[in-house]
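Trainee: I'd like to ask some things about the structure below.
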Amino acid sequence: MTGKGRELADMMERRKVDILCVQETRWKGSKVRSIGAGFKLLYYGVDSKRNGVGVVLKEEFVRNVLEVKRVSDRVMSLKLEIEGVMLKVVSGYAPQVGCELEEKERFWSELDEVMASIPTGERVVIGADFNGHVGEGNKGDEEVMGKFGVKERNLEGQMVVDFAKRMDMAVVNTFIFRRRRIIE
């Protein structure tokens with residue numbers, strides 16, 4: 001994230017994005033910082049060399065933030081009230097392939113705890129880098145994913161699918177066919 005703040009703010013402004021979850025911020029501490037173009041980043045990190053999560057908000061939404069939970073350098077959440085609707089925004093950064101299973105289980109446990117703390121009826125959006133491949137097709141998993149995943153499912157991807165099933169959520173980027181995989 002270092003050095004990318006203004007570029008990110010410009011992209012959000014151009015694409016008319018008001019709220020964005022970010023990972024690998026690599027900033028130590030728990031602060032709110034302006035990144036330009038009318039956007040603020042609320043973030044948390046314990047090491048300036050790895051991990052870190054955050055949520056970028058249009059400045060006008062910062063006053064709508066009712067709660068910030070900085071769980072770890074891999075999970076944080078914000079509770080906002082926007083036009084009378086309660087919204088929980090969760091930013092997550094799962095351990096990469098090759099990390100210890102214990103670290104992966106700790107991440108999923110933290111995410112489960114955040115989800116368990118959300119009152120019934122409150123809307124939830126999770127923006128995360130789950131570092132997994134859920135695979136192409138959706139046979140047997142139609143209730144949580146579409147047909148447009150990529151690659152073969154790996155252990156980390158199975159963890160994503162299992163989480164979606166437990167939480168009655170969906171892996172939304174698998175429902176839309178995209179020719180280009182790179183965001184400009």
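Position 74 of the sequence shown, counting from 1, maps to 74 under UniProt numbering, and the rest follow consecutively.
A virtual CB, placed ideally from N, CA and C, is assigned to each residue, including glycine.
Since the structure is predicted, the reported quantities are computational estimates derived from the model, not experimental observations.
1. Taking the alpha helix (DSSP H) that Ser72 belongs to, which residues open and close that run?
2. Cβ of Thr174 within 8 Å of Cβ of Asn138?
3. Roughly how many angstroms separate the alpha carbons of Glu59 and Val17, rounded to a whole number?
4. Entirely within the segment 109-167 and at least 3 residues each: give me those beta strand (DSSP E) ranges in chain order.
5. Counting along the chain, where does the beta strand (DSSP E) carrying Met76 start and finish?
6. Which value, in whole angstroms, describes the spacing of the CA atoms of Lys4 and Lys88?
7. Using three-state DSSP, classify Gly29 as helix, strand or coil.
8. Under 8 Å by Cβ, that's how I've got Asp129 and Ala94 pegged, so tell me the actual separation to the nearest angstrom.
9. Considering just the uninterrupted stretch of the alpha helix (DSSP H) at Phe39, what are its terminal residues?
10. Output needed for Glu136: all residues of its chain with C-beta closer than 6 Å, excluding positions within five of it in sequence on either side, in chain order.
11. Going straight from the alpha carbon of Arg6 to that of Val90, what length do you get?
12. Could you tell me how far apart the beta carbons of Gly52 and Arg26 are, in whole angstroms, since I believe they sit closer than 8 Å?
13. Which residues in the same chain have their Cβ closer than 6 Å to the Cβ of Met86, if we skip the five residues on either side of it in sequence?
Mentor: If we stick to the structure as given:
1. In the sequence shown, counting from the first residue as 1, residue 72 sits at position 72. First-last for Ser72: 65-72, but that is the beta strand (DSSP E), not the alpha helix (DSSP H).
2. Translated into positions along the sequence shown, residue 174 becomes position 174. Translated into positions along the sequence shown, residue 138 becomes position 138. Yes, Cβ-Cβ distance for Thr174 and Asn138 is below 8 Å.
3. Taking the first residue of the sequence shown as 1, we reach residue 59 at position 59. Taking the first residue of the sequence shown as 1, we reach residue 17 at position 17. Cα to Cα, the separation comes out at about 12 Å.
4. 123-129
5. Counted from its first residue, the sequence shown places residue 76 at position 76. 75-82 is the extent of the beta strand (DSSP E) around Met76.
6. Locating residue 4 in the sequence shown gives position 4, where the first residue counts as 1. Locating residue 88 in the sequence shown gives position 88, where the first residue counts as 1. Cα to Cα, Lys4 sits roughly 25 Å from Lys88.
7. Reading the sequence shown from its first residue, position 29 is the one you call residue 29. DSSP places Gly29 in strand when its eight states are reduced to three.
8. Residue numbering aside, residue 129 sits at position 129 when the sequence shown is read from its first letter. Residue numbering aside, residue 94 sits at position 94 when the sequence shown is read from its first letter. Confirmed, Cβ separation roughly 7 Å.
9. By 1-based counting over the sequence shown, the position of residue 39 is 39. No alpha helix (DSSP H) contains Phe39, which is instead part of the beta strand (DSSP E) from 39-45.
10. Locating residue 136 in the sequence shown gives position 136, counting from the first residue. So the list reads Gly149, once near-sequence residues are dropped.
11. Counting from one through the sequence shown, the residue named residue 6 turns up at place 6. Counting from one through the sequence shown, the residue named residue 90 turns up at place 90. When rounded, the distance between both Cα atoms is 22 Å.
12. Within the sequence shown, the letter at position 52 stands for residue 52. Within the sequence shown, the letter at position 26 stands for residue 26. Right, the Cβ-Cβ distance comes to about 5 Å (below 8 Å), so this counts as a contact.
13. Locating residue 86 in the sequence shown gives position 86, where the first residue counts as 1. Closer than 6 Å at Cβ, skipping near neighbours: Glu122.
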